[in-house]
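Quick note on the working numbering: the sequence shown kicks off at 30 and runs consecutively.
Glycine is no exception: its CB is placed at the ideal position from the N, C-alpha and C atoms.
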Amino acid sequence: VVSTREYGDVHLVTTLQMFKILALNALIIAYCQSALYLDGVKFSDGQATLQGLLLAGCFLFISRSKPLDKLSKARPHANIFNSYTILTVVLQFCVHLYTIVRLVDKCHETQPRKPSIDLEAEFSPSLLNSIVYIVSVTLQLNTFVINYRGHPYMESLRENKPLCYSSVFTASFMLILTFGIAPDINTEFSLLVLPTNIQNEVFIALLLDTVLTLFIDRVLLFICGDAKLKPLY
């Protein structure tokens with residue numbers, strides 16, 4: 030009975046966090062694609078493939094989380110329509126939206142829009158494409174790391190080795206692309222090496238985004254993260 034209850038809680042928590050992650054990722058991708066489309070820019074096939082592989086790995090490893098040996102007294106919410114889930118998704122996206130808008134505006138300050146936009150033009154590397162791609166992948170990675178529940182229902186992020194290692198690998202890879210540490214890798218994925226001032230701007234913006242969204246989620250989790258047990262009578 031205890032084992033059934035443990036696995037039941039894990040599956041429920043996993044489902045709820047998947048809804049949060051999918052909602053945030055869908056909003057992030059939608060806005061990033063819109064920002065690119067308005068300038069007649071798009072992701073290359075290689076960029077889209079890399080993004081899909083990295084995020085597919087995170088989805089796979091997050092779904093394989095194991096329950097803790099000790100049964101928790103806490104109870105997860107029974108559905109996604111609760112104050113914690115709705116507030117954390119809305120507030121986290123507001124932070125992500127500000128980050129994307131700020132960096133897109135910074136890109137336009139450095140490289141103004143073309144007077145005429147050809148929406149059917151062949152793909153070519155650009156500053157906007159490079160910035161939006163790095164930001165898009167990093168913010169989606171943030172949604173996995175920040176919204177992974179862990180204790181008291183399942184193993185923590187550190188204990189979930191595959192997810193932990195894949196997250197560290199993806200974050201490190203994004204740092205390499207951001208700072209142009211290996212220019213050949215940027216070239217391989219049709220990304221420009223960002224100017225030094227843009228590199229620092231992107232890194233600071235993404236770091237602040239991570240810290241702020243983590244703070245928002247943990248505060249909301251503390252206030253209204255678990256379901257309240259109803260009295261039997």
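Option nearest residue i by Cα separation, candidates the options
i	options	result
F90	L65, V197, C193 and D213	C193
Q228	F251, M203 and L243	M203
L65	V130, A85 and L237	V130
L45	L83, Q62 and N108	N108
T128	S195, T239 and N176	T239
S63	L148, M47, P144 and L84	L148
S196	L83, L41, V42 and M47	L83
L206	P224, T242 and N171	P224
K135	I214, K190 and V164	V164
N111	G81, L170, A59 and K49	K49
L126	I214, A59, N226 and V42	A59
A85	E230, F251 and P191	P191
E230	F208, E188 and N171	F208
C253	I115, V166, T216 and G81	I115
S159	N189, F251, L241 and I214	I214
Residue i - DSSP class collapsed to helix/strand/coil
i	result
V31	Here V31 scores only 46 on pLDDT, less than 50, and its place in the model is too uncertain to base an answer on.
I245	helix
Y162	helix
Closer than 7 angstroms: residue i CB and nearest the ligand ADP heavy atom
i	result
R142	Of ligands this structure carries none, so the ligand ADP is not represented either.
Cβ-Cβ distance between residue i and residue j below 8 angstroms
i	j	result
I57	L168	yes
I200	L132	In the sequence as displayed, the identity of residue 200 is Ala instead of Ile. Taking 8 angstroms as the Cβ cut-off, A200 and L132 do not qualify as a contacting pair.
V70	L157	yes
S92	E184	no
V270	C87	As displayed, the chain neither begins before 30 nor continues past 262, which places residue 270 out of reach and without an answer.
H117	L243	In the sequence as displayed, the identity of residue 117 is Thr instead of His. No.
N176	D68	no
F274	S73	With the chain covering 30 to 262 only, the question about residue 274 has no answer from this structure.
Those residues which DSSP pairs with residue i across a bridge
i	result
M203	DSSP, once it has assigned bridges, lists no residue as partnering M203.
M47	Its beta-bridge partners do not exist; DSSP assigns none.
Three or more C-beta pairs below 8 angstroms linking the segment 117-133 and the segment 202-222: no
Sufficient close CB pairs (3 or more, under 8 angstroms) joining the segment 177-196 to the segment 70-82: no
Cβ pair count under 8 angstroms reaching 3, the segment 46-63 against the segment 140-155: no
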